[in-house]
Amino acid sequence: MTSLVGYVRSFLLRCHRIRLFHAKTLLEEINDPEIARTCGNKWFKKDLYTQALKFYDRALELDPKNAAHHSNRGAALSRLGKIWEGVKECEKAINLDPKFALAHQNLALMLLRLGQVDNARKCYVKERSDAKFLAMIKEVDTHWEKCAYARRRDEWNDVLREAGAAMVSGADLSPQLAMCKVEALVKLQRLNEAQKELEHVPEVEPFPASFSQTRIFDMISEAYTYFVKSHIYFALERFDDAAKAIAKASEFDPQNIEVKIYKKIVKLIQRALSNSKLEKWAEGVRDYESLSQALPYDKYIAKSLFQAQVALRFSHDDSLT
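Numbering (our numbering), first residue to last: 15 to 335.
See the structure below:
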C-alpha cells in the first residue's frame, strides 16, 4: 500500500512538471488499473475533472468490467456537464455489480439533477445516502408539486418561481423544468425572456429504457418539450413551426388532452390564414371567432378577426348594386 501511494505521488509530481503534450505517454506508462484509478481520484478531489476522466478511461482500458471504474467515470462526466453519459456509466456499473452502493448513490444524484425525482428515489440506497441528499429530494419534490398546482390554476408567476426554485434546490439540469419556465414566460407575454430561456434549456435526450417513462403535468416529458415550443412559435407568429412542433408532441403523447386541444388550435389558425389568403372572409371570420374564444388575450388573433370582419363587410358592400 505504501509503495502504491508513493508511486501515485511521484506520478502526479511528474504530471505537474511535464508539458501537456506528454500526458498521453504518461498515461500509457500505467499498467495497473488501481494506480490509474487512484491517480484519477487525486485529480477528482482537486476538482480537475478532465484530468481525472483521462485516468478513469485508462483504468477502464485495463479493466473494462470493473464497476468502480465505470462509477468513477460517470461521476467525472456529470461534473463536466455530460450528465446523460454519466447516467449510462453508472448504469453499467450497477449492471456489473448490482450491490455497488456508491454507483446507486451517484446515479440517484444525477437523476435528481435531471429532475427525475421518482427515479432518483428508486435508486436511493439507505446505508450510503445522507440526510442532505434526502432533504434535496424532498425540497425538489415540494417545488415540483407547487409548480404543478400553480399551472393548473394558470398562476404563471408562481409557476415561474417554483420551477426556478426546484432547479436551484438540486434539479439544475432538468430540461422539463427549464421548459416549464419558458412556458410560464410565454403565458406572461414575456417573449424576449422566453426566447433567451429556450436557448439555455439543457439538451434533451431519450431517457434510458431501464427507467420508467417520465411524465410532467400528466404529459410525456418529450411531448411537453415540443408542446411548449409550439406555444412560443405560435406567439412569435411562426405558425408553420408551431404546427411541426405540436405534431411532434402528438407523436410522443397522442392521447394527452392538452396536446389534442392545442393541435386543433394550430390547425385552426392555419385554416384561418388560408381562408384569408383566398379571400373566403366568412369562413375566416368563423375560424378567428373560434380562435378568439380559445385564446381571448391573443393580440394577433384579435387583430386578424377585426381585419377579416372588415373585409367581409366590404365584400358585402361590393356585392350590392
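Don't be surprised by glycine CBs; every beta carbon is placed ideally from N, CA and C.
Just so it is clear, the structure is predicted and the values come from calculations on it, not from any experiment.
Collapsed DSSP secondary structure at glutamine 321 in the structure displayed
DSSP places glutamine 321 within a helical segment (H, G or I) once states are collapsed to three.
Inset, instruction - Identify which residue in Asn80, Ala82, Arg51 has its Cα closest to the Cα of lysine 68. - result: For the residues Asn80, Ala82, Arg51, the minimum Cα distance to lysine 68 belongs to Arg51.
(Q) Following a CB-centred definition, is alanine 50 positioned closer than 7 Å to any heavy atom of the ligand NAP? (A) Absent from the structure shown: the ligand NAP. Ligands present: none.
### Message
Buried or exposed, going by whether 16 or more other CB atoms sit within 10 Å of the CB of histidine 214?
### Response
Exposed, because fewer than 16 other Cβ atoms sit within 10 Å of the Cβ of histidine 214.
query: In or out: isoleucine 315 buried (at least 16 other Cβ within 10 Å) or exposed?
result: Classification of isoleucine 315: buried, given that the 10 Å Cβ count is 16 or more.
Helix, strand or coil: which one does DSSP assign to arginine 252?
Arginine 252: coil per DSSP, three-state reduction.
Notebook entry, point to check: For serine 229, which beta-bridge partners are listed by DSSP?
Noted result: The sequence given here has arginine at residue 229, not serine. Its beta-bridge partners are Ile234.
Q. In three-state terms, what does DSSP make of alanine 185?
A. In this structure, DSSP gives alanine 185 a state outside helix and strand, which the three-state scheme calls coil.
Cα separation between lysine 59 and lysine 274? Each residue's CA atom was taken as its position, placing lysine 59 and lysine 274 some 50 Å apart.
Query raised in the report: Run through DSSP, which three-state label would aspartate 155 get?
Result: Residue state, collapsed to three classes: helix.
Q) Counting pairs of beta carbons, one from the region 101–115 and one from the region 73–85, are three or more of them closer than 8 Å? A) Yes, they touch.
Are there three or more Cβ pairs, one per stretch, closer than 8 Å when the region 178–195 is compared with the region 155–166?
Segments in contact, yes.
### Task
Within 10 angstroms of the Cβ of threonine 64, are there 16 or more other Cβ atoms? Answer buried if so, exposed if not.
By the Cβ neighbour-count rule, threonine 64 is exposed, with fewer than 16 other Cβ atoms within 10 Å of its own.
Original post:
With 16 as the cutoff for other CB atoms within 10 Å, does serine 92 come out buried or exposed?
Top reply: So serine 92 counts as buried.
Next on the checklist: If you measure between the beta carbons of alanine 259 and lysine 243, is that distance less than 8 Å?
Outcome noted: For alanine 259 and lysine 243, yes; Cβs fall inside 8 Å.
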